[in-house]
Amino acid sequence: MKKTEIFADYDRYILSTYSRTPVVFVKGKGMTLVDITGKKYLDFFPGWGVNNVGHCHPKVMSAVRDQIGRLIHIPNNFYHPHQAKLAREIIRLSFPGKVFFCNSGAEGCEAAIKFARAYGHKPHGVYGHEPNVVHGKASRHEIITMTNSFHGRTLGALAATGQAKYQNGFHPLPPGFKTVAFNDFNALKAAVGNDTIAIMLELVQGEGGIHVAGQEYIRQVRELCTENDILLIFDEVQTAMGRTGEIFAFKHYGVVPDLMVLAKALGGGLPIGALVVKEKIAGTFKPGMHASTFGGSPLVCKAALGTFKAIFADKMLKNTRVMGAYLMERLNALKEKHNCIKEVRGLGLMVGVELAMEGKSVFEKCLERGLIINCTQGNVLRIMPALNVTKKQVDKAVYILEQVLAEVSS
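Using the working numbering, you'd call the opening residue of the sequence shown number 212 and step up by one each time.
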């Protein structure tokens, strides 16, 4: 098909739910994407953080090829070995618990919300405190989330999201959610009440503009949850799978959540999500209380196992820490030269460049020069290359960005 034909078919047959950029990609390998004209692009925002190991990593592709000719899908009332292996690997690398598999981050957050509500109806909590009781039944249901958070597009996840712009037009949203300022422990503590059952947050707010949770803040939140029998939910949809230099971002903080949501990079490009639940409370969900038809299929679980293999075999965690520090150094050097940069912040290879102007033109001009980045919150450039990015690729990306900033700020 020609590019014009593809655009025409999108206009005619596909719902207009995205602001699309007029580029047609047909091939990807590592850090490189190729469009329909043969032009190559350096991808520093691969698949919205899905392709942490790069496009079509050999270990992921080998796993997919091996599985796709054997068995793609079976229902979850039967067993298959790869779901067992993947759950075991996730628990080995995170904390003692159990895993529920689904298809996306939004689905994972929905599962966490349902789990918290179910837990709020239990007569006793994991930390031994008496829950709020109304008419003889435990009734805690409120979940506190953070301003500028993003937890997904389904109604429950949308109600948890602390950004009104995503909620406009979809009211009434499910009740039972309260939003407080991120990194403000006093505001959070003041918001906790008798109905509070969970606190849900991202350790690095991606869509919110790359804001990193403070060490002391997270320690205090963990203590608050433990003292009040409140579930601590970490949404690690974007921060997990090595993105911050640890396999899961919570490992930077020396605390363990009660629930953790995974997705995006877990499947190496294939759709898979997961809810990880601490062992002590895993019995809250009983058979029939929650399900996902396609969750944890043989194909996506095999791909996820290949993704873990790629991350560790290729020493990507170490590379993320080294290249993340180097990228921050190069971007801070740009900040010294260009007044249009207000701040550079991030963790590992999850980096935000806050501009003193709108960032859309920067994104567009970088794309013209063959560099893919992202702009969120109107003026924050989101830069998240694959974990195996090289120094040479970082230098090339920063060079292109510097050219663009010089042009747009002149």
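Glycine is no exception: its CB is placed at the ideal position from the N, C-alpha and C atoms.
Report task. Report yes or no: do three or more beta-carbon pairs, one from the stretch 529-546 and one from the stretch 483-492, lie closer than 8 Å? Result -> As far as the Cβ criterion goes, the stretch 529-546 does not touch the stretch 483-492, which means the pair count is below three.
* To do: Would you grab the beta carbon distance between residue 567 and residue 550 for me? Rounded to a whole angstrom, and I think it's under 8 Å.
  => Rounded, the Cβ-Cβ distance is 7 Å, consistent with contact.
ask   = From what residue to what residue does the beta strand (DSSP E) around residue 353 run?
value = Start and end: 353-357.
Terminal residues of the continuous beta strand (DSSP E) containing residue 361?
That residue, residue 361, is in no beta strand (DSSP E); it is neither H nor E in DSSP.
query: Fully enclosed by the stretch 233-285, which beta strand (DSSP E) runs are 3 residues long or longer?
result: Scanning the stretch 233-285 for uninterrupted beta strand (DSSP E) segments of 3 residues or longer gives 236-240, 243-246 and 251-254, listed from N- to C-terminal end.
### Query
Assuming residue 478 contacts residue 514 under a Cβ cut-off of 8 Å, what Cβ separation, rounded to an integer in Å, is found between them?
With a Cβ gap of about 5 Å, residue 478 and residue 514 count as contacting.
According to DSSP, residues forming a beta bridge with residue 592: For residue 592, the beta-bridge partners assigned by DSSP are 564 and 586.
- Message: Run through the DSSP bridge pairs and tell me what residue 452 is partnered with.
- Response: Answer is none; residue 452 lacks a bridge partner.
Close-in-space but distant-in-sequence residues of the same chain around residue 572 (CB under 8 Å, 5 per side omitted): Excluding five sequence positions before and after residue 572, the CB atoms of its chain that fall closer than 8 Å to its own CB belong to 619, given in chain order.
C-beta atoms of residue 456 and residue 535 nearer than 9 Å: A contact, by the Cβ cut-off of 9 Å.
With DSSP as the reference, identify every bridge partner of residue 313, one or two as the case may be.
Beta-bridge pairing links residue 313 to 484.
ask   = If you draw a straight line from the C-alpha of residue 260 to the C-alpha of residue 598, how long is it?
value = Spanning the alpha carbons of residue 260 and residue 598 requires a straight line of approximately 10 Å.
- If you drop the 5 nearest sequence neighbours on each side, which residues of the same chain put their C-beta closer than 6 Å to that of residue 519? Residues of the same chain with a CB within less than 6 Å of the CB of residue 519, apart from the 5 flanking positions on each side, are 300 in chain order.
*Nearest-angstrom Cβ-Cβ length linking residue 623 and residue 561, presumed shorter than 8 Å*: With the chain covering only 212 through 621, there is no way to say anything about residue 623.
Would you call the CB atoms of residue 503 and residue 446 closer than 9 Å? Against a cut-off of 9 Å, the Cβ pair of residue 446 and residue 503 comes out as no contact.
Nearest neighbour of residue 590, chosen from 410, 603, 574 and 216 [CA to CA]: Considering only alpha carbons, the answer is 574.
| Span of the alpha helix (DSSP H) around residue 438 | Unbroken alpha helix (DSSP H) run through residue 438: 426-439.
Enumerate in chain order the residues of its own chain whose CB-to-CB distance from residue 312 is below 6 Å, with the five nearest sequence positions on each side excluded. Taking C-beta separations shorter than 6 Å and ignoring five residues to either side along the sequence, the partners of residue 312 in its chain run 485, 506 and 507, following chain order.
Fill in: Three-pair Cβ contact test at 8 Å for the stretch 390-399 versus the stretch 351-358
Judged by Cβ distances under 8 Å, the stretch 390-399 makes contact with the stretch 351-358, as three or more pairs qualify.
Under 8 Å from any heavy atom of the ligand ZN, does the C-beta of residue 262 make it?
Looking at this structure, you won't find the ligand ZN or any other ligand, since it has none at all.
Same chain only: Cβ atoms within 6 Å of residue 365, ignoring 5 sequence neighbours per side = Excluding positions up to five away in sequence, the list reads 317 and 321.
| If we ignore side chains and look at the alpha-carbon of each, how far apart do residue 255 and residue 554 end up? | Residue 255 and residue 554 have their C-alpha atoms some 19 Å from each other.
- Thinking C-alpha only, which one of 215, 400, 570 and 545 is nearest residue 610? Relative to the Cα of residue 610, the nearest Cα in the group 215, 400, 570 and 545 belongs to 545.
Open item on the list: In whole angstroms, give me the CA-to-CA distance for residue 526 and residue 220.
Closed with: Each residue's alpha carbon lies about 42 Å from the other.
Do residue 617 and residue 470 have their beta-carbon atoms positioned less than 9 Å apart in this structure?
No.
- Task: Could you say if the stretch 366-382 and the stretch 430-440 meet the contact criterion of at least three C-beta pairs nearer than 8 Å?
- Result: Verdict: no, contact absent.
Taking the alpha helix (DSSP H) that residue 546 belongs to, which residues open and close that run?
Per DSSP, residue 546 belongs to the alpha helix (DSSP H) from 527-548.
query: CA-CA distance, residue 241 and residue 252?
result: Their Cα atoms are separated by approximately 11 Å.
So residue 431 and residue 461 are in contact, right, with Cβ under 8 Å, and what is the actual spacing, rounded? Not confirmed; about 15 Å, so no contact.
| query | In the DSSP assignment, what are the bridge partners of residue 442? | reply | Paired residue(s): 409.
- request: Identify whether residue 365 lies in helix, strand or coil by the three-state DSSP scheme.
  value: Note: residue 365 maps to coil in three-state DSSP.
Tell me which same chain residues have a C-beta within less than 6 Å of the C-beta of residue 404, skipping the five on either side of it? For residue 404, where only same-chain residues beyond five positions count, there are no Cβ hits under 6 Å.
* Asked: Nearest CA to the CA of residue 592: which residue from 419, 494 and 244?
  -> For residue 592, the nearest C-alpha among the options comes from 419.
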